[in-house]
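The numbering of the sequence shown is numbering that gives the first Met the number 0, which starts it at 0 and goes up by one.
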Amino acid sequence: MTLAELQELEQRYAVGTYVRNPVQFVRGEGALLWDEDDDEYLDFLAGISVLNVGHCHPRVVAAAVEQLGRLTHVSNLYYTEPAMRLGKALADSSLGGKVFLCNSGAEANEAAIKLARRARPGGEVVVVHDAFHGRTYGALSATPQESKQAPFAPLVPGFVIAAKTPEAIASAVGERTAAVLIEPIQGESGVHVLSDELLLAAREACDRAGAALIFDEVQTGMGRTGTLWAYQQTPVVPDALTSAKALGGGLPIGALVTGSKLADALRAGDHGSTFAGGPVVCAAALVALEICSDPALLARVRKLGEWMRASLAELAGVSEVRGRGLLIAFDLAGGRSAPELAQRALLEQRLVVNATGPVTIRLEPPLIVTAAQVEEALARLTRLGL
Ligand code: PLP
0 MTLAELQELE QRYAVGTYVR NPVQFVRGEG ALLWDEDDDE YLDFLAGISV
50 LNVGHCHPRV VAAAVEQLGR LTHVSNLYYT EPAMRLGKAL ADSSLGGKVF
100 LCNSGAEANE AAIKLARRAR PGGEVVVVHD AFHGRTYGAL SATPQESKQA
150 PFAPLVPGFV IAAKTPEAIA SAVGERTAAV LIEPIQGESG VHVLSDELLL
200 AAREACDRAG AALIFDEVQT GMGRTGTLWA YQQTPVVPDA LTSAKALGGG
250 LPIGALVTGS KLADALRAGD HGSTFAGGPV VCAAALVALE ICSDPALLAR
300 VRKLGEWMRA SLAELAGVSE VRGRGLLIAF DLAGGRSAPE LAQRALLEQR
350 LVVNATGPVT IRLEPPLIVT AAQVEEALAR LTRLGL
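And the structure:
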């Protein structure tokens, strides 16, 4: 179908929750995408940090296709090997406890909130300014952004908002606190790296209060920042973390991973989801997790990220660069509009990037991006007058 035909269908039949760019993608490979006219695009968004292994990674595709042809779904009333193996791989890769599988980032955070409340019944969940944890009611209640919350009040009670300072977090946490839920790097609000001091203050406050420190690694995990999990570059180990996005190598999955302390807090019947831990997505995730754990790949992510940030900082049209590894954002100087620049990048330069705010552009290429592709992306940005 042509783009015009799709737009007509959207207008007539799609609930209007998304603002789409006028491009139809039909094919992807590595860090490249093609539209219906076979024009090639450089993808520096990776489906919002989902395609960390690149589009259609042959090993991910093979694992998913093989599993799809053998057994697609049986529910969690029975055992399947991919789900059990993925639980072990996730726990071994991080906190060593137990794993609850689900289908998205919001769902992973819902599970985390329930875990925390199970451990401390009736307890509060402390979140920080500018956080984004998802759109379902629990996750939305943990996302203190007026525009996202206000139309849907009343929200779930028991969420406390703290400013992003060590002092504010320390004073927000007390004996009523069940958990502090926090992104080590806030992706959706424009890639704000939270300081080690702040994370340490959260760790200490949780230890003092007997509360759980939960890292939302939905965007920062799976190698995005140059280690498999972002907490591994901080002085803090959380009690649990959530993952999603890149975990499925392009297919939908989420996970809550606990440390030993919270491993048995949720019990039989406490939580569940029909599709959770399905064999096809778990087979894909096992491969994606293995690829993203490769030390050589992670070293490249750190090196390419440093180079990209340094190169962006030299551009006259850029006022600030933030990030870690290949989770990068920059602010535009001189009041230029980021949404407008992102659309021009797409339509004029065939470069896929995304605006997270009025002046902020976010870059999240697949982790397998080549140095030549990074150079090309920088050249295309420069051609837009940066
Ligand atoms: N948490 C973080 C840090 C995210 O960046 C996102 C999505 O952008 C979510 C949670 C929600 O994930 P999902 O869209 O898969 O529900």
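Glycine included, C-beta positions come from ideal geometry on N, C-alpha and C.
Among the residues of its own chain, which have a CB less than 6 Å from the CB of residue i, if the five just before and after it don't count?
i: aspartate 238; result: Ala211, Leu212, Gly258, Lys260, Leu261
i: alanine 264; result: Leu114, Arg117, Ala118
i: leucine 70; result: Pro278
i: leucine 197; result: Pro165
i: alanine 169; result: Ala200, Ala204
i: valine 358; result: Asp330, Leu331, Ala337
i: leucine 2; result: Gln23
Going by other Cβ atoms of all chains shown within 10 Å of its Cβ, with 16 needed for buried, is residue i buried or exposed?
i: proline 120; result: exposed
i: glutamine 218; result: buried
i: serine 140; result: buried
i: histidine 72; result: exposed
i: methionine 0; result: exposed
i: valine 192; result: buried
i: aspartate 215; result: buried
i: alanine 107; result: buried
i: valine 14; result: exposed
i: serine 74; result: exposed
i: alanine 111; result: buried
i: glutamate 9; result: exposed
i: threonine 273; result: exposed
i: glutamate 109; result: buried
Which residues in the same chain have their Cβ closer than 7 Å to the Cβ of residue i, if we skip the five residues on either side of it in sequence?
i: alanine 171; result: Val125, Val159, Ala161
i: aspartate 38; result: Arg349
i: alanine 208; result: Val172, Gly173, Glu174, Thr176
i: glycine 247; result: Val280, Ala283, Ala284, Ala287
i: alanine 341; result: Val352, Asn353, Ala354, Ile360
i: alanine 63; result: Leu250, Val279, Ala282, Ala283
i: alanine 90; result: Gly96, Lys97, Val98, Val256
Below 8 Å CB to CB, which residues in the same chain sit around residue i once its five sequence neighbours on both sides are set aside?
i: leucine 303; result: Leu325, Val368, Ala370, Val373
i: tryptophan 33; result: Phe24, Val25, Arg26, Gly27, Glu39, Tyr40
i: glutamate 65; result: Ala282
Could you give the DSSP three-state label for residue i: helix, strand or coil?
i: asparagine 353; result: strand
i: glutamine 218; result: coil
i: cysteine 55; result: coil
i: valine 127; result: strand
i: threonine 16; result: coil
i: serine 292; result: coil
i: glutamate 319; result: strand
i: valine 22; result: coil
i: aspartate 263; result: coil
i: leucine 331; result: strand
i: isoleucine 367; result: coil
i: phenylalanine 274; result: coil
i: threonine 135; result: coil
i: glutamine 144; result: coil
i: threonine 79; result: coil
Alpha carbon to alpha carbon, how far is residue j from residue i? Give it in angstroms, no decimals.
i: glutamine 144; j: lysine 97; result: 31 Å
i: aspartate 269; j: lysine 87; result: 21 Å
i: proline 21; j: valine 236; result: 43 Å
i: isoleucine 290; j: leucine 296; result: 8 Å
i: alanine 376; j: alanine 344; result: 10 Å
i: methionine 83; j: serine 242; result: 17 Å
i: glycine 133; j: glutamine 148; result: 11 Å
i: arginine 19; j: alanine 204; result: 42 Å
i: phenylalanine 99; j: glutamate 313; result: 44 Å
i: valine 155; j: glycine 137; result: 6 Å
i: alanine 245; j: proline 183; result: 17 Å
i: tyrosine 230; j: arginine 223; result: 12 Å
i: glycine 333; j: valine 127; result: 29 Å
i: proline 81; j: proline 153; result: 39 Å
i: alanine 45; j: leucine 362; result: 9 Å
i: arginine 78; j: cysteine 55; result: Reading off the sequence shown, one finds tyrosine at residue 78, where the question assumed arginine. One C-alpha to the other measures close to 28 Å.
i: glycine 130; j: glycine 189; result: It is worth fixing the name first, because residue 130 is alanine in this sequence and not glycine. Approximately 10 Å, taken between the alpha carbons.
i: glycine 316; j: leucine 380; result: 10 Å
i: glycine 271; j: leucine 385; result: 48 Å
Taking 7 Å as the cut-off, is the CB of residue i close to at least one heavy atom of ligand 2?
i: phenylalanine 131; result: Ligand 2 is not part of the structure shown, which contains ligand 1 as its ligands.
Chain B beta carbons: is any one of them nearer than 8 Å to that of residue i?
i: alanine 88; result: Chain labels in this structure do not include chain B; a single protein chain is all it has.
- List in chain order: all unbroken alpha helix (DSSP H) runs of 4+ residues lying wholly within the stretch 212-257. none
- Item | Runs of alpha helix (DSSP H) wholly within the stretch 26-74 (minimum 4 residues, chain order) | The qualifying runs are 45-48, 57-67.
- Task: Report the residue ranges of all beta strand (DSSP E) runs contained in full by the stretch 158-194; include only those spanning at least 3 residues, in chain order.
- Result: The stretch 158-194 contains these whole beta strand (DSSP E) runs: 158-161, 176-181.
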